[in-house]
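Protein sequence lines correspond, in order, to chains X and P.
Just so you know, we're using my numbering here: the first sequence kicks off at 1 and counts up by one.
Just so you know, we're using my numbering here: the second sequence kicks off at 139 and counts up by one.
Glycine residues also receive a C-beta, built at the ideal position from the N, C-alpha and C atoms.
Single-structure report; data block below.
There are 2 protein chains.
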Amino acid sequence: MSQTDIIDLMMHHGVKPTANRILIVNAFVKEHRPLSMTEIETQLESVDKSVISRTLALFRERHMVHVLPDGGDGIRYELCHSCSDDRDDDAHIHFYCSRCGKTFCLKDIPVPEVSLPDGYQAESVNYMVTGICPDCRR
Amino acid sequence: MSQTDIIDLMMHHGVKPTANRILIVNAFVKEHRPLSMTEIETQLESVDKSVISRTLALFRERHMVHVLPDGGDGIRYELCHSCSDDRDDDAHIHFYCSRCGKTFCLKDIPVPEVSLPDGYQAESVNYMVTGICPDCRR
DNA sequence: CTGGCTGTGCAACTGAGTTGCAAAAATCTT
DNA sequence: AAGATTTTTGCAACTCAGTTGCACAGCCAG
Numbered sequence: 001m002s003q004t005d006i007i008d009l010m011m012h013h014g015v016k017p018t019a020n021r022i023l024i025v026n027a028f029v030k031e032h033r034p035l036s037m038t039e040i041e042t043q044l045e046s047v048d049k050s051v052i053s054r055t056l057a058l059f060r061e062r063h064m065v066h067v068l069p070d071g072g073d074g075i076r077y078e079l080c081h082s083c084s085d086d087r088d089d090d091a092h093i094h095f096y097c098s099r100c101g102k103t104f105c106l107k108d109i110p111v112p113e114v115s116l117p118d119g120y121q122a123e124s125v126n127y128m129v130t131g132i133c134p135d136c137r138r
Numbered sequence: 139m140s141q142t143d144i145i146d147l148m149m150h151h152g153v154k155p156t157a158n159r160i161l162i163v164n165a166f167v168k169e170h171r172p173l174s175m176t177e178i179e180t181q182l183e184s185v186d187k188s189v190i191s192r193t194l195a196l197f198r199e200r201h202m203v204h205v206l207p208d209g210g211d212g213i214r215y216e217l218c219h220s221c222s223d224d225r226d227d228d229a230h231i232h233f234y235c236s237r238c239g240k241t242f243c244l245k246d247i248p249v250p251e252v253s254l255p256d257g258y259q260a261e262s263v264n265y266m267v268t269g270i271c272p273d274c275r276r
């Protein structure tokens, strides 16, 4: 994903592409996996955590990222390519490595559907496998 | 689940059944759904949060409860009936209501399995549907 | 250039959860 | 049963992630 693409993406979601914001999107592009606030903070020492917090809130509001549980005890943000502007749909499964604490997208594996009992109305689904990732097994 | 059953369960996991601990297990039995630390704290005003924290850590260690993401941004504990003493396997799906913030067990719906790419080694799976629960739709 | 709006950086705050520690309760030993 | 030892409890203090208040900087428009 080029710098131009990143700026286009932001514009398309009505987000003004400031220097800090571009750095944050770049972090996602570089890692191509869901990141926690803390991970972004560590990777971008120059950016204040309040800016990161507010930026993620903005991205979320504009559906540029979506949120998922991080397998450990917090949440992570995933850059959302395929989402339409007002919905979060990008239903692949995720893998959380309990050794290194990273979360990976398994883009090729769609979330298998289930049918819910009467009365339950689904909005989104999260399928998370916890275990050991290839890197950590070596 | 009777008081005797609760005590048996604790003994079976090598947990001494003190008054506080019985209260905490009772909270799970009463709600029969996964609870967050805060929910337990609210329900049991008489029990200090440090005791709840330590008790949950103990239960977890002894595989009397297991942990799952709470759909919002924290974690919840679920009383584990069917788990063996040293493994957490109780694979049904969960439903998180984004209106009332409660998490429900859909015990009848097993988690559909997927096959992972080479190198990924699964330990546990979490399938969580977010949406509106029957009570909140009324 | 000037006035207003948006974004930024620091510091102070907040709230969930944990830890240190001494008192209380339970258990063991003789 | 009395005393010694271990476990559990309750309080307060602390920690850490994340958020908010606020003043200043940067940017665009007239």
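For ARG76(X): DSSP bridge partner residues: LEU68(X)
Residues near HIS151(P) in its chain [Cβ-Cβ closer than 6 angstroms; skip 5 each side]: ARG200 and MET202
Which residues in chain X have a C-beta closer than 9 angstroms to the C-beta of GLU261(P)? List them in chain order. SER98, VAL129, THR130, GLY131 and ILE132
Closest residue to LEU147(P) among THR176(P), PHE197(P), GLN181(P) and LYS168(P) (Cα-Cα distance): PHE197(P)
Tell me whether HIS81(X) is buried or exposed, calling it buried when 16 or more other Cβ atoms sit within 10 Å of its Cβ. exposed
Taking 8 angstroms as the CB-CB limit, is PHE197(P) close to chain X? no
From the DSSP output, in three-state form, read off ASP223(P) for me. In this prediction, ASP223(P) scores a pLDDT of 47, lower than 50, which makes its location untrustworthy; the coordinate-derived value is nonetheless stated afterwards. The answer is coil: DSSP assigns ASP223(P) none of H, G, I, E or B.
Please list the partners that VAL114(X) has in chain P, where partner means a Cβ-to-Cβ separation under 8 angstroms. ILE231, ILE247, PRO250, TYR265 and VAL267
With a threshold of 8 angstroms between beta carbons, is LEU35(X) in contact with chain P? no
Kindly list the residues whose CB is nearer than 7 angstroms to the CB of THR130(X), restricted to its own chain and excluding five residues on each side of it in sequence; keep chain order. GLY71, TYR96 and SER98
Determine the closest residue to ARG171(P) out of ASP273(P), THR193(P) and PHE242(P), with distance taken between C-alpha atoms. PHE242(P)
Using the rule of at least 16 other Cβ atoms within 10 Å of the residue's Cβ for burial, across every protein chain shown, is CYS18(X) buried or exposed? For clarity, residue 18(X) is Thr in the given sequence; the question names Cys instead. When all chains shown are included, THR18(X) counts as exposed.
CYS97(X), enclosing alpha helix (DSSP H) - first and last residue: Segment 92-97 is the beta strand (DSSP E) holding CYS97(X); no alpha helix (DSSP H) there.
Other residues of its chain near ALA27(X): CB distance less than 7 angstroms, five sequence neighbours each side excluded: LEU35, ILE40, GLN43 and LEU44
Can you give me the start and stop residues for the alpha helix (DSSP H) that CYS274(P) sits inside? 272-275
Check the Cβ of TYR139(X) against every Cβ in chain P and list those closer than 9 angstroms, keeping chain order. Nothing about residue 139(X) can be reported from this structure: the residues present for chain X run from 1 to 138 only.
Establish whether the CB of ILE52(X) and some CB of chain P are separated by less than 8 angstroms. no
Round the Cβ separation of ARG138(X) and GLN259(P) to the nearest angstrom and send it over; I've been treating them as touching at under 8 angstroms. No, ARG138(X) and GLN259(P) are not in contact; Cβ-Cβ is about 12 angstroms, not under 8 angstroms.
Taking 7 angstroms as the limit between beta carbons, can you name the residues of its chain near GLY74(X), skipping five residues before and five after? SER36
How about VAL267(P): is its Cβ closer than 7 angstroms to a heavy atom in the ligand FAD? This structure lacks the ligand FAD, and indeed carries no ligand of any kind.
Which residue comes first and which comes last in the beta strand (DSSP E) that contains LEU116(X)? Counting along the chain, LEU116(X) falls outside any beta strand (DSSP E), and DSSP gives it neither H nor E.
With a 10 Å radius around its C-beta and 16 neighbouring C-beta atoms as the bar for buried, classify MET11(X) as buried or exposed. exposed
Put ASP173(P) into one of helix, strand or coil per three-state DSSP. The sequence shown places Leu at residue 173(P), not Asp. Looking at LEU173(P) - three-state DSSP - the assignment turns out to be strand.
Quick one: is GLY101(X) near chain P, going by C-beta distance under 8 angstroms? no
Does ASP5(X) have its Cβ less than 8 angstroms from a Cβ in chain P? no
Helix, strand or coil: how does DSSP classify SER140(P) here? coil
Where does GLU183(P) sit, in a helix, a strand or coil, going by DSSP? coil
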